[in-house]
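Chemist: Okay, here's the structure, questions in a sec.
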Amino acid sequence: MSEGTSPDKEKKPLLNGRRTVPSSSSNGEENEVPEMEAFGLLPRGFHPKDYLQVVDIHMFKEPNEINKVQHHTDKYYNPKLIVRRGQPFQIQIDFSRPYEPDTDHIWLEYLIGRYPQQNRGTYIPVPIGDVLKPGEWGAKIIHKESNFIRLSIMSSATCIIGKFRLYVAVWTPFGILRTRRNSATDTYILFNPWCQQDAVYLDDEREREEYVLNDVGTVFHGNINDIKLRSWSYGQFEESILDACLFLMDKAELELSGRGNPIKICRVASAVINSKDDNGVIAGSWDNTYMYGVAPSAWTGSVDILLEYYSSKQPVRYGQCWVFAGVFNTFLRCLGIPARLVTAYCSAHDNNANLQMDFFLDNEGKVDTKLTKDSVWNYHCWNEAWMTRPDLPVGFGGWQVIDGTPQETSDGMYRCGPASVQAIKHGHVCFQYDAPFVYAEVNSDIVYIRKDKNGSQVIENIDTTHVGQLIVTKEVGGDGMLEITEEYKFREGSEEERLALETAVMYGVKNQTTQDTAYQPQRDVDMDFQVQKAVLGSDFKVTISFRNRSHNRYTATTYFSGNIVFYTGVKKTEFKKHTFGAKLEPNSSSTFDVVIKSSEYLSDLLDQASFHFFVTTQINETGKILAKQKATVLEIPALRIKTQGEMVVGKETSVILEFTNPLKEPLENVTLRIEGPSVLRTMKKEFRQIPANSTLIWEIKCVPKRPGLRKLIASLNCDALRHVYGELNIQVQKP
Numbered sequence: 001m002s003e004g005t006s007p008d009k010e011k012k013p014l015l016n017g018r019r020t021v022p023s024s025s026s027n028g029e030e031n032e033v034p035e036m037e038a039f040g041l042l043p044r045g046f047h048p049k050d051y052l053q054v055v056d057i058h059m060f061k062e063p064n065e066i067n068k069v070q071h072h073t074d075k076y077y078n079p080k081l082i083v084r085r086g087q088p089f090q091i092q093i094d095f096s097r098p099y100e101p102d103t104d105h106i107w108l109e110y111l112i113g114r115y116p117q118q119n120r121g122t123y124i125p126v127p128i129g130d131v132l133k134p135g136e137w138g139a140k141i142i143h144k145e146s147n148f149i150r151l152s153i154m155s156s157a158t159c160i161i162g163k164f165r166l167y168v169a170v171w172t173p174f175g176i177l178r179t180r181r182n183s184a185t186d187t188y189i190l191f192n193p194w195c196q197q198d199a200v201y202l203d204d205e206r207e208r209e210e211y212v213l214n215d216v217g218t219v220f221h222g223n224i225n226d227i228k229l230r231s232w233s234y235g236q237f238e239e240s241i242l243d244a245c246l247f248l249m250d251k252a253e254l255e256l257s258g259r260g261n262p263i264k265i266c267r268v269a270s271a272v273i274n275s276k277d278d279n280g281v282i283a284g285s286w287d288n289t290y291m292y293g294v295a296p297s298a299w300t301g302s303v304d305i306l307l308e309y310y311s312s313k314q315p316v317r318y319g320q321c322w323v324f325a326g327v328f329n330t331f332l333r334c335l336g337i338p339a340r341l342v343t344a345y346c347s348a349h350d351n352n353a354n355l356q357m358d359f360f361l362d363n364e365g366k367v368d369t370k371l372t373k374d375s376v377w378n379y380h381c382w383n384e385a386w387m388t389r390p391d392l393p394v395g396f397g398g399w400q401v402i403d404g405t406p407q408e409t410s411d412g413m414y415r416c417g418p419a420s421v422q423a424i425k426h427g428h429v430c431f432q433y434d435a436p437f438v439y440a441e442v443n444s445d446i447v448y449i450r451k452d453k454n455g456s457q458v459i460e461n462i463d464t465t466h467v468g469q470l471i472v473t474k475e476v477g478g479d480g481m482l483e484i485t486e487e488y489k490f491r492e493g494s495e496e497e498r499l500a501l502e503t504a505v506m507y508g509v510k511n512q513t514t515q516d517t518a519y520q521p522q523r524d525v526d527m528d529f530q531v532q533k534a535v536l537g538s539d540f541k542v543t544i545s546f547r548n549r550s551h552n553r554y555t556a557t558t559y560f561s562g563n564i565v566f567y568t569g570v571k572k573t574e575f576k577k578h579t580f581g582a583k584l585e586p587n588s589s590s591t592f593d594v595v596i597k598s599s600e601y602l603s604d605l606l607d608q609a610s611f612h613f614f615v616t617t618q619i620n621e622t623g624k625i626l627a628k629q630k631a632t633v634l635e636i637p638a639l640r641i642k643t644q645g646e647m648v649v650g651k652e653t654s655v656i657l658e659f660t661n662p663l664k665e666p667l668e669n670v671t672l673r674i675e676g677p678s679v680l681r682t683m684k685k686e687f688r689q690i691p692a693n694s695t696l697i698w699e700i701k702c703v704p705k706r707p708g709l710r711k712l713i714a715s716l717n718c719d720a721l722r723h724v725y726g727e728l729n730i731q732v733q734k735p
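Each residue of the sequence shown is one higher than the one before, starting from 1 at the first, in UniProt numbering.
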């Protein structure tokens with residue numbers, strides 16, 4: 001074979017002048033380890049069989065055996081041993097003859113990646129000693145009988161997270177004998193929230209059950225006045241998901257030596273969850289056309305997305321914020337980092353983190369869409385992960401914000417976090433990573449600015465309470481809502497809130513302190529409006545109310561604008577304009593109704609049936625402007641799920657889905673999806689048409705795999721109707 005085509009030459013990595021061993025950022029690659037590592041020339045009479053030989057290694061890796069039960073890894077559908085770091089586990093080694101501690105010298109070797117080195121934590125020799133030290137690598141014999149020994153092995157509480165290869169090494173005078181490479185003894189090591197020395201230690205068992213072991217969660221969406229919820233299947237224990245999550249760290253090229261650090265893992269994962277700039281997991285789309293992929297609202301969980309990415313290595317289409325957050329949560333819980341999905345209502349997407357959302361008005365008081373660049377999202381989903389922050393001063397560990405939705409770049413990539421929630425609350429936005437951006441998301445003011453004819457800008461109104469009004473997550477142990485707004489911010493108007501703002505400004509958050517300008521609001525007239533709750537396809541009304549608290553008689557000109565918007569607050573079209581005059585009598589209240597007909601909005605409606613209403617009122621006598629904006633979503637009918645007969649492990653059962661078309665026209669090209677961790681892998685079916693007001697019925701068979709309280713989650717999707725969900729809690733009996 002010519003020199004140019006020698007396979008050895010091809011395999012040799014390109015070295016550079018900086019390091020003798022190439023960096024290793026792949027858990028999947030491995031090196032060859034010699035079964036006989038000679039100390040020199042072997043004597044002619046050397047026979048390995050003359051020395052102690054390993055016949056077999058028992059890993060106790062079944063779900064019902066000691067290791068997986070004690071390490072809370074018995075739910076993973078994975079045949080290999082999975083343990084959590086900093087906690088002892090057991091293996092048994094069978095030898096060719098009885099083990100003699102005085103004369104036989106053996107040790108274990110754990111290797112990860114292609115270029116294992118002891119100083120990088122990728123090659124770990126584990127000697128057999130008399131005692132195990134908490135949180136440090138070690139092994140001791142706990143039982144010895146005839147030809148076998150049982151070992152208790154302790155891993156380090158700062159150990160790399162990933163899949164390790166195991167070898168047993170036997171010392172001989174002429175060299176080291178090793179067991180042959182055997183993938184059946186591979187050992188996954190994960191983070192351990194049950195271990196006090198672990199950076200992700202969480203001291204509440206109910207919280208560990210929820211934030212690490214619960215494989216189903218709740219996504220809160222809708223808007224502040226009409227909170228909606230849907231279930232999401234995280235599926236972190238499903239087959240191949242653990243390997244898919246480890247692959248994401250390979251894809252992000254995170255060096256193996258950095259994979260014991262949850263801060264680094266969260267930072268790189270928040271970039272690789274989205275496809276921008278690194279061909280990551282999910283391609284985002286906010287334009288309401290999903291021709292070449294799955295509409296974000298159709299996904300029912302993370303498993304299909306992660307498995308598709310793991311096999312194709314190409315971004316999965318499409319996602320929006322709750323999809324990025326749902327998949328990110330699966331990744332974190334799968335690796336053992338406590339995590340939760342958080343929804344912030346009225347979240348400011350501020351293009352320059354200046355704590356100010358500028359809405360420009362024209363002379364009539366109407367919003368000028370050409371000048372207005374900032375947007376307030378009806379809601380935005382991100383994640384929190386629980387960990388210590390040794391890189392920050394004491395007190396800033398605990399929940400950290402991480403966000404996989406691509407909004408702004410951070411250090412040159414679309415990613416966000418981890419940012420300490422405690423630092424955000426107190427305004428300490430100097431602490432890494434991306435705290436100013438998150439602070440602005442929940443603390444910005446909305447400023448209404450009118451351009452005068454001479455070009456100068458006049459501040460007409462400032463709304464300090466609209467943004468970041470409500471921040472929620474799923475409650476521990478139930479499907480309800482837990483409000484966590486006070487974790488992020490002090491009470492509006494309190495002394496602590498003012499201090500936090502001053503601190504944030506001191507640390508570099510730009511605050512264009514508009515209060516210092518000649519802003520004089522109209523203080524003696526209040527204006528507000530309420531939107532009637534309505535079902536998709538029906539008419540509804542918006543009621544605008546005025547309260548004149550003065551002794552003056554005023555007249556007002558009111559401009560009403562109804563817009564169909566993306567849930568990000570970005571306008572698609574204005575479907576309703578209405579201007580009217582009002583007489584405001586002294587010390588009195590008055591109301592005015594604007595009727596919205598279904599024919600005005602149905603043809604332009606977007607996938608979250610989301611409206612945005614602007615009401616601006618000019619008091620004619622003073623020239624002052626009052627302004628309010630609100631988002632609202634229509635009620636979308638639910639999918640109904642029911643089961644026939646009892647659910648028993650291993651027994652086939654029927655599940656029936658029903659949906660009634662609420663529209664006066666047929667639904668075309670409808671896709672139904674249903675899944676339920678440990679009950680049903682994702683099934684989907686397409687229906688060409690559901691006629692107006694008719695009911696669709698789909699019956700499927702499933703065989704539950706695990707007893708206990710489980711959940712079925714379904715979605716219906718078509719161009720005319722999205723965000724249709726159904727769910728059912730089921731109790732699966734033991735056989």
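Where is the CB? At the ideal position from N, CA and C, for every residue including glycine.
Please look up how many angstroms separate the CB atoms of Val231 and Val216, rounded, as I've assumed it's under 8 Å.
Modeler: The residue asked about is misnamed: residue 231 is Ser in this sequence, not Val. Yes, they are in contact, since the Cβ atoms of Ser231 and Val216 sit about 6 Å apart, within 8 Å.
Chemist: Just curious, the beta strand (DSSP E) that Asn717 is in, first and last residue?
Modeler: Gly708 to Cys718
Chemist: Go to Leu195, then tell me how far its beta strand (DSSP E) extends in each direction, as first and last residue.
Modeler: A quick correction: the sequence has Cys, not Leu, at residue 195. No beta strand (DSSP E) contains Cys195, which DSSP labels as neither H nor E.
Chemist: Run through DSSP, which three-state label would Tyr379 get?
Modeler: Tyr379: strand per DSSP, three-state reduction.
Chemist: Exposed or buried, which one is Arg317 when buried takes at least 16 other CB atoms within 10 Å?
Modeler: buried
Chemist: Quick one, which of Gly623, Glu665, Ile149 and Ile93 has its alpha-carbon nearest Thr557's?
Modeler: Gly623
Chemist: Determine contact between the stretch 266–282 and the stretch 304–316, defined as no fewer than three beta-carbon pairs at a distance below 8 Å.
Modeler: yes
Chemist: Checking 8 Å against the spacing of the C-beta atoms, do Lys366 and Tyr601 come in under that value?
Modeler: no
Chemist: On a CA-only basis, which of Val648, Lys163 and Gln618 is nearest Ser26? Give me that one, please.
Modeler: Lys163
Chemist: Could you check how far apart the C-beta atoms of Val525 and Phe546 are, in whole angstroms? I think they sit under 8 Å.
Modeler: 7 Å
Chemist: Can the beta-carbon of Arg181 be found closer than 8 Å to that of Arg165?
Modeler: yes
Chemist: Please go through the same chain and pick out, in chain order, the residues whose beta-carbon is closer than 8 Å to the beta-carbon of Cys718, but skip the five residues on each side of it.
Modeler: Leu667, Glu668, Asn669, Val670 and Thr671
Chemist: Using the Cα positions of Phe360 and Asp445, report the straight-line distance between them to the nearest angstrom.
Modeler: Rounded to the nearest angstrom, the two C-alpha atoms are 14 Å apart.
Chemist: Grab the span of the alpha helix (DSSP H) containing Leu499 for me, first residue to last.
Modeler: Glu495 to Met506
Chemist: Closer than 7 Å to a non-hydrogen atom of the ligand SAM - does that hold for the CB of Val703?
Modeler: As far as ligands go, the structure on display features none, and thus does not contain the ligand SAM.
Chemist: What did DSSP end up calling His723 once you bin it into helix, strand or coil?
Modeler: strand
Chemist: Per DSSP, what kind of secondary structure is Leu52 in: helix, strand or coil?
Modeler: Leu52 falls in the coil class under three-state DSSP.
Chemist: Please specify which runs of the beta strand (DSSP E), each continuous and at least 3 residues long, are wholly inside the stretch 65–96, giving them in chain order.
Modeler: With a minimum length of 3 residues, the continuous beta strand (DSSP E) runs that stay inside the stretch 65–96 are 81–84 and 89–95.
Chemist: Mapping the DSSP letters down to three states, classify His47 as helix, strand or coil.
Modeler: coil
Chemist: Please report the distance separating the alpha-carbon of Thr185 from that of Leu81.
Modeler: 7 Å
Chemist: If you drop the 5 nearest sequence neighbours on each side, which residues of the same chain put their C-beta closer than 7 Å to that of Gln618?
Modeler: Counting only residues of its own chain and dropping the five nearest sequence neighbours on each side, Gln618 has a CB closer than 7 Å to the CB of Gly365, Ala556, Thr557 and Ile625.
Chemist: Taking the straight line between their C-alpha atoms, what separation do you get for Glu30 and Ile112?
Modeler: 7 Å
Chemist: Between Glu62 and the rest of its own chain, which residues show a CB-CB distance below 8 Å, the 5 nearest in sequence each way excluded?
Modeler: Lys68
Chemist: Give me the Cα-Cα distance between Cys195 and Glu384, rounded to the nearest whole angstrom.
Modeler: 20 Å
Chemist: With a threshold of 8 Å, are at least 3 pairs of Cβ atoms found where one atom belongs to the stretch 647–655 and the other to the stretch 700–708?
Modeler: yes
Chemist: Taking all protein chains shown into account, do 16 or more other C-beta atoms lie within 10 angstroms of the C-beta of Ile142, making it buried, or fewer, making it exposed?
Modeler: The residue is exposed, with fewer than 16 neighbouring Cβ atoms inside 10 Å.
Chemist: In this structure, how does DSSP classify Arg206 when only helix, strand and coil are distinguished?
Modeler: helix
Chemist: Out of Gln356, Trp382 and Gln432, which has the shortest C-alpha to C-alpha gap to Pro393?
Modeler: Gln432
Chemist: Pull up the DSSP beta-bridge partners for Asp391, would you.
Modeler: Paired residues: none, contrary to the question.
Chemist: Starting from Cys566, follow the beta strand (DSSP E) in both directions and report where the run begins and ends.
Modeler: Checking the sequence shown, residue 566 turns out to be Phe, not Cys. Element bounds for Phe566: n/a, residue is neither H nor E.
Chemist: The alpha helix (DSSP H) that contains Lys425, what's its start and end?
Modeler: Val421 to His426
Chemist: Are Ala504 and Gly427 closer than 8 Å when you measure CB to CB?
Modeler: It is a contact, given that the beta carbons lie within the stated cut-off.
Chemist: Any idea what DSSP makes of Trp399, helix, strand or coil?
Modeler: Judged by DSSP in its simplified three-state form, Trp399 adopts strand.
Chemist: Who are the Cβ neighbours of Ser550 in its own chain at under 6 Å, not counting the five residues just before and after it?
Modeler: Asp524
Chemist: Could you tell me how far apart the beta carbons of Arg85 and Ser155 are, in whole angstroms, since I believe they sit closer than 8 Å?
Modeler: 5 Å
Chemist: For Lys276, which three-state DSSP category applies?
Modeler: Residue state for Lys276 is assigned as coil, using DSSP reduced to three classes.
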